[in-house]
Amino acid sequence: MKDVRPTTSIVIEAIFNILGPLSNVAFLDLFAGTGRVALEAWSRGARPVVAVELLRRRCEAVKRAGVKPEEGLVLLFMDVRRAIRWLYKRGYSFNVIFADPPYDSSWATETLELLTSKRGLVRPGGVIMLERSSREIVNGIPKCLQLVDERRYGDTVLSTFRFAEGD
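Residues in the sequence shown are numbered consecutively from 629, following my numbering.
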């Protein structure tokens with residue numbers, strides 16, 4: 629799968645070290661790709677875990693694991709824009725939203741804008757974690773978001789945001 633850039637093991641370890649314990653934490657994985665991050669969140673006790681990926685063939689790791697929706701892991705095969713609207717309309721909310729959009733595209737900025745327009749998807753005190761290329765600049769971070777942590781791992785940057793207090 630040349631069109632997929634799986635999150636490296638070092639970055640996956642960093643993500644979950646930053647996030648800490650996930651027992652009963654609602655977790656959304658946008659641009660899930662192979663599903664490794666969603667599956668790792670699920671294995672650490674996050675419930676529910678929703679993974680959004682446009683192409684079914686990409687989520688091979690999740691399919692091989694055989695986790696069923698009734699076990700707390702749901703796969704949505706749809707465009708991220710549509711998925712965010714779909715989840716919002718159905719009243720979903722998450723403690724953690726992880727997004728790993730295609731590197732060197734406008735998706736990083738667009739994803740933050742989409743999530744702030746559907747703010748109810750993020751539970752009070754919840755976080756949005758964005759994985760992006762170090763070459764990529766996120767233009768126009770919405771004013772209602774506050775950058776609370778940013779770390780670099782080679783070419784990968786993990787940026788963690790919260791909604792600013794009073795917003």
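The beta carbon of each residue, even a glycine, is placed where N, CA and C say it ideally should be. Note that the structure is a prediction, hence the values are computed from the model and not measured.
Span separating the alpha-carbon of residue i from that of residue j
i    : j    : result
E668 : G768 : 31 Å
V653 : D732 : 30 Å
L704 : E793 : 31 Å
E778 : T635 : 17 Å
F791 : C772 : 6 Å
V702 : E681 : 11 Å
Y781 : R710 : 31 Å
Where the alpha helix (DSSP H) through residue i begins and ends
i    : result
N645 : 637 to 647
S745 : 735 to 745
Y731 : It is not in any alpha helix (DSSP H) - Y731 carries neither H nor E in the DSSP assignment.
A592 : Not covered by the structure: residue 592. The range shown for the chain is 629 to 795.
Among the options, nearest to residue i - alpha-carbon criterion
i    : options                : result
R763 : L786, K746, S745       : L786
V766 : T662, S651, T788       : T788
K746 : Y781, S721, A736, V776 : S721
A832 : V677, V776, N645       : A query on residue 832 cannot be resolved here, the shown segment of the chain reaching from 629 to 795 and no further.
V639 : V776, P770, R760       : R760
is_contact[residue i, chain C] using C-beta, thresh 7 Å
i    : result
I638 : Looking for chain C here will not work: only one protein chain is present.
Beta-carbon proximity check, residue i vs residue j, cutoff 7 Å
i    : j    : result
L758 : A727 : yes
G673 : S637 : no
Any non-hydrogen atom of the ligand GDP within 6 Å of residue i CB
i    : result
L740 : Questions concerning the ligand GDP fall outside what the structure shown contains, since it holds no ligand whatsoever.
Boundaries (first-last residue) of the beta strand (DSSP E) holding residue i
i    : result
A669 : No beta strand (DSSP E) contains A669, which is instead part of the alpha helix (DSSP H) from 664 to 671.
V724 : 722 to 727
V702 : 701 to 704
Self-check item: contact_flag[the region 727 to 744, the region 687 to 696] where n(CB pairs < 8 Å) is 3 or more
Solution: no
Self-check item: Sufficient close CB pairs (3 or more, under 8 Å) joining the region 681 to 691 to the region 712 to 729
Solution: no
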